[in-house]
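Asks: My structure is below; once you've seen it, I'll send some questions.
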């Protein structure tokens with residue numbers, strides 16, 4: 006279990022650093038469509054091809070390897086909250102490189118996340134591998150449906166684009182975690198079995214699909230709202246499926262502790278996602294965060310500064 010936990014922590018560090026770089030890349034693209042509407046596919050792809058975004062994507066790839074190891078070696082209700090703690094990494098990096106200052110609420114939420122993850126680690130039992138073959142097809146069908154509905158509905162929406170795109174991305178990443186757990190042909194390695202498993206194609210679909218949806222969210226709205234929705238989708242969905250379908254367990258007598266710690270970890274991550282410092286990370290490419298001597302509030306961009314329309 007220790008290797009799985011370390012892999013999840015490694016993934017959180019990689020993802021947290023990547024989000025800073027990706028936000029800069031997403032916000033550097035000007036043509037994202039009319040205000041209130043989802044960005045065009047062209048502008049989203051352009052954002053993905055910026056140097057910052059590509060560097061962040063490389064880190065995401067490294068982080069995904071850690072996430073994959075964690076999803077297969079420890080219960081999903083433990084692996085996914087640890088991975089979602091990448092937002093803690095993001096805000097800490099903001100204090101180091103953007104001279105942002107965390108509020109008491111931010112520090113409290115970070116402490117809640119850390120303590121909750123420690124309790125989850127103590128309460129987690131064995132990871133489950135109990136599932137029927139239908140689940141291999143289900144993750145592929147659900148992933149395709151979410152991505153298809155998102156692509157069809159978001160361009161027609163006038164508001165809440167960031168929240169729904171972020172939630173869609175989170176659910177896609179959650180489905181991906183489930184697909185990683187149930188993927189056949191890895192241990193022992195069997196190429197034929199691997200290539201005929203629908204879960205493999207669910208991973209291939211949900212990974213890029215989730216990145217695309219989250220890029221839409223970053224371009225068209227508050228990264229805080231988008232990140233909060235992302236956290237809910239990528240932790241609650243796989244956590245529940247892991248327990249109810251896959252057979253993830255807790256240590257004897259630790260069930261209640263695990264539930265409370267899981268809820269607290271998710272809630273704490275959502276609070277961190279709603280921090281103004283996360284917004285400062287989103288705007289880092291255009292409006293550097295002033296320090297205490299700049300006359301502005303720490304952790305905030307100058308409200309009088311002209312913001313380039315993404």
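In our numbering, the protein residues as written are 6 to 315.
Where is the CB? At the ideal position from N, CA and C, for every residue including glycine.
If contacts are defined as beta-carbon pairs under 8 Å, then residue 136 and residue 203 qualify, I think. What distance do you get, rounded to the angstrom?
Replies: Actually they are not in contact, since the Cβ atoms of residue 136 and residue 203 sit about 13 Å apart, beyond 8 Å.
Asks: Which of the three DSSP states is assigned to residue 255 in this structure?
Replies: Reduced to three states, the DSSP call for residue 255 is strand.
Asks: So, is residue 195 buried or exposed, given that buried needs 16 or more other C-beta atoms within 10 angstroms?
Replies: Flag for residue 195 reads exposed.
Asks: Going by the DSSP bridge assignment, what does residue 191 pair with across the sheet?
Replies: Per DSSP, 194.
Asks: Hey, residue 176 and residue 250 are a contact pair by Cβ (cut 8 Å); roughly how many whole angstroms apart?
Replies: With a Cβ gap of about 15 Å, residue 176 and residue 250 do not count as contacting.
Asks: If you draw a straight line from the C-alpha of residue 24 to the C-alpha of residue 179, how long is it?
Replies: Each residue's Cα considered, the two are about 18 Å apart.
Asks: Can you tell me the Cα-Cα spacing of residue 279 and residue 258, whole angstroms?
Replies: Going from the Cα of residue 279 to the Cα of residue 258 covers about 34 Å.
Asks: Is the beta carbon of residue 79 closer than 7 Å to that of residue 19?
Replies: Not in contact: residue 19 and residue 79 (Cβ atoms no closer than 7 Å).
Asks: DSSP three-state call for residue 129: helix, strand or coil?
Replies: Three-state DSSP puts residue 129 in a strand.
Asks: Under the rule that 16 or more other beta-carbon atoms within 10 Å means buried, what is residue 201, buried or exposed?
Replies: Residue 201 comes out exposed.
Asks: For residue 106, which of helix, strand or coil comes out of DSSP?
Replies: Of the three classes helix, strand and coil, the one that applies to residue 106 here is coil, per DSSP.
Asks: Flag this pair as yes or no: are the beta carbons of residue 101 and residue 60 separated by less than 7 Å?
Replies: The answer is no: Cβ separation not under 7 Å.
Asks: On the CB-based measure, 16 or more other CB atoms within 10 Å of its CB, does residue 77 come out buried or exposed?
Replies: Buried: at least 16 other Cβ atoms inside 10 Å.
Asks: If the criterion is Cβ atoms closer than 7 Å, does the pair residue 268 and residue 233 meet it?
Replies: It is not a contact, given that the beta carbons lie outside the stated cut-off.
Asks: With 16 other CB atoms within 10 Å as the buried threshold, where does residue 159 fall?
Replies: With 16 or more Cβ atoms within 10 Å of its Cβ, residue 159 is classed as buried.
Asks: Measuring only the C-alpha atoms, how far is residue 186 from residue 162?
Replies: So the alpha carbons of these two residues sit roughly 34 Å apart.
Asks: Leaving out the 5 sequence neighbours to the left and right, which residues in its chain are closer than 6 Å to residue 235 when beta-carbon positions are compared?
Replies: Excluding sequence neighbours, residue 235 sits near 171, 174 and 175.
Asks: DSSP on residue 80, reduced to helix/strand/coil?
Replies: Of the three classes helix, strand and coil, the one that applies to residue 80 here is coil, per DSSP.
Asks: Assuming the contact rule is C-beta atoms closer than 8 Å, residue 199 and residue 189 should be a hit. Round their C-beta distance to whole Å, please.
Replies: Contact flag correct, Cβ pair sits at about 7 Å.
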